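S.K.: Residue numbering for the sequence shown follows our numbering, beginning at 1078 and increasing consecutively. I'd like to ask some things about the structure below.
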Amino acid sequence: MEVINQKTVRTDNTLLAVTHLTQLLGYAIGFGSLIVPLIIWLSSKDRVEGMNEHGKAIINFQISLILYIIISIPAILLLGLGILGLIGVGIIGFILPIVNAVKAANGESPSHFMTIRFIS
């Protein structure tokens, strides 16, 4: 008897943590915080255990941040509340990927703080 199309799923917490940390590329080079994790997620979601859950969390979080930025820009005209929103988005967008990378390295589920679930 011959086995055809056998898929092996491996545990790779380091790749999960690196995928979360690639969200910080937006702070380093100005872009890539959505594209790079999306590429990693799509290329390894069937081969790495937990990548599908973490990848969806990353993409949902990045789309949520983009939406919050789009809402905050016109809110600048409303008593300057948009500036506070942009500062909050910047802080949350920097801290949460680091927290989720540590959780991924420990084998835990990612945090969904301020995340709208677009992909479930």
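Every residue gets a Cβ at the ideal spot worked out from N, C-alpha and C, and that includes glycine. All of these numbers come straight from a predicted model, not from anything done at the bench.
Would you kindly work out how many angstroms separate the C-alpha atoms of L1144 and F1195, rounded to a whole number?
M.R.: Within the sequence shown, residue 1144 is the residue found at index 67, counting from 1. Within the sequence shown, residue 1195 is the residue found at index 118, counting from 1. Straight-line Cα distance between these residues: approximately 11 Å.
S.K.: With DSSP collapsed to three states, give me the class of V1095.
M.R.: On the sequence shown, residue 1095 is found 18 positions in, with the first residue counted as 1. It is helical.
S.K.: Just to confirm, does S1197 get its C-beta within under 7 Å of one of the non-hydrogen atoms of the ligand FMN?
M.R.: Here there are no bound small molecules, and the ligand FMN is not part of this structure.
S.K.: Would you say E1130 and R1087 are within 8 Å of each other, going by their C-beta atoms?
M.R.: The count along the sequence shown starts at 1 and reaches residue 1130 at position 53. The count along the sequence shown starts at 1 and reaches residue 1087 at position 10. Contact: no.
S.K.: For V1125, which of helix, strand or coil comes out of DSSP?
M.R.: By one-based count along the sequence shown, residue 1125 stands at place 48. Three-state result, V1125: strand.
S.K.: Quick check on this structure: which residue in T1085, L1101, G1157 and K1084 has the alpha carbon closest to the alpha carbon of L1142?
M.R.: Here the question's residue 1142 lines up with position 65 in the sequence shown. Selected option, being the one with the closest Cα: L1101.
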